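In what follows, a single structure is set out as structure tokens and then discussed.
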Amino acid sequence: MNREVFFELVELKAKTASVLPFLLGICFSWYHYGSLHLGFVLIYFIAMFIFNMAVDILDNYNDYHHAKEGHDYKEKTNIIGRENLSLSMIRRWIIWMIVISALIGIGLSMIVGWPLLWMGLYCYLIGIFYSSGPKPLSSLPLGEFFSGFTMGFMIMLICVYINTFDSFQWTMTNLGSIFLVSLPNTCLIANLMLANNICDLEEDETNHRFTLVHYLGKQTSIHLFVGLIVIAFASIIVSVLLGLTPITMLLTLIVVPFIWKQTKRFLNEQVKTKTFICAVRILAVGALAQVVFFAIGLWLK
21 MNREVFFELV
31 ELKAKTASVL
41 PFLLGICFSW
51 YHYGSLHLGF
61 VLIYFIAMFI
71 FNMAVDILDN
81 YNDYHHAKEG
91 HDYKEKTNII
101 GRENLSLSMI
111 RRWIIWMIVI
121 SALIGIGLSM
131 IVGWPLLWMG
141 LYCYLIGIFY
151 SSGPKPLSSL
161 PLGEFFSGFT
171 MGFMIMLICV
181 YINTFDSFQW
191 TMTNLGSIFL
201 VSLPNTCLIA
211 NLMLANNICD
221 LEEDETNHRF
231 TLVHYLGKQT
241 SIHLFVGLIV
251 IAFASIIVSV
261 LLGLTPITML
271 LTLIVVPFIW
281 KQTKRFLNEQ
291 VKTKTFICAV
301 RILAVGALAQ
311 VVFFAIGLWL
321 K
């Protein structure tokens with residue numbers, strides 16, 4: 021297997037969905053608590069990244085294994101069939117990646133506290149059952165919520181907790197503050213899956229995957245896609261007004277014209293090979309802008 025095939029198998033291009041919320045958590049930790057445990061948080065990042073790759077490999081494996089439409093999908097669309105990858109090798113990679121990342125996480129929780137273990141357990145359950153089991157979350161009208169909440173909010177919450185474990189208070193105020201600051205990424209990550217499901221509606225129904233788009237209908241789902249983008253940028257403004265993020269975060273709004281251009285492209289045509297990339301770009305640019313302008317605010321503080 022060459023490098024390009026491996027990168028596609030682990031969906032490296034989609035890793036902004038986990039890396040940027042992690043970086044936002046570091047910014048929030050320093051801004052509000054003045055606390056960073058860089059060694060511990062680096063260990064967490066390694067475990068998170070390994071598990072994230074395992075989940076994406078597992079998604080491809082399950083999609084290949086459970087595909088019902090036959091030859092075209094398995095042999096021409098799915099990376100495993102298209103590149104004739106060994107299923108036994110794929111299974112070994114999944115198992116070892118999950119085991120290694122879990123052991124790292126358990127070891128870290130013994131140092132920073134057991135709340136990390138419970139939060140990690142939730143993330144592992146969502147990651148594994150996202151595409152596994154008789155009723156995977158990705159095939160239900162729950163996928164957008166769980167993907168957005170887990171990767172947008174939980175990754176950031178865990179990052180903040182590890183950086184502040186010796187002083188963190190589990191209050192509704194603290195959790196609400198972290199949730200509001202994570203809400204833009206939560207919405208944009210949910211939109212990534214929503215866009216994927218809009219593009220794949222007919223193929224998903226053929227494979228007996230009845231996602232949120234199946235129940236809402238394509239047009240309503242498109243309206244939801246736009247609505248989540250509006251919520252994402254509105255929450256950035258609210259976070260600044262409440263003093264949860266530095267005023268420099270308002271500079272994130274300079275990417276709105278680019279976001280709107282990509283949104284219009286997706287509204288005009290929902291084709292996986294042509295316009296799904298628009299949702300990826302919206303997430304990448306929107307999330308990166310938040311991290312950059314939050315970091316600038318820290319520097320000017």
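Read in this note's numbering, the sequence shown has 321 at position 301, and its numbers run on one by one without any break. By construction, the Cβ of each residue, glycine as well, lies at the ideal position given by its N, Cα and C atoms. Please read these numbers as outputs of a predicted model, since none were measured by experiment.
| Asked | Found |
| --- | --- |
| Buried or exposed for P277, please, with buried defined as at least 16 other CB atoms from any protein chain shown within 10 angstroms of its CB. | exposed |
| Please confirm whether G172 and N205 have their CB atoms less than 7 Å apart. | yes |
| If we call anything under 7 Å between Cβ atoms a contact, is G133 one with L208? | no |
| Hey, M176 and S202: beta-carbon distance below 7 Å or not? | yes |
| So the alpha helix (DSSP H) R111 belongs to, where does it begin and stop? | L107 to V132 |
| Grab me the residues of A67's own chain with a C-beta within less than 6 Å of its C-beta, minus the 5 sequence neighbours each way, in chain order. | S121, I124 and G125 |
| What is the DSSP secondary structure of S158, counted as helix, strand or coil? | helix |
| Identify the continuous alpha helix (DSSP H) that holds A315 and give its terminal residues. | K292 to L320 |
| Got a sec? Which residues, its chain only, sit under 7 Å from W50 by beta carbon, not counting five neighbours each side? | L56 and L318 |
| Alpha helix (DSSP H) containing T184: first to last residue? | I175 to T184 |
| Quick check: the Cα distance between N216 and T36, rounded to an integer number of angstroms? | 16 Å |
| At what residues does the alpha helix (DSSP H) containing H85 begin and finish? | L58 to H86 |
| Note down, in chain order, each residue of its chain lying with its Cβ closer than 8 Å to the Cβ of E28, except the 5 sequence neighbours on either side. | I99 |
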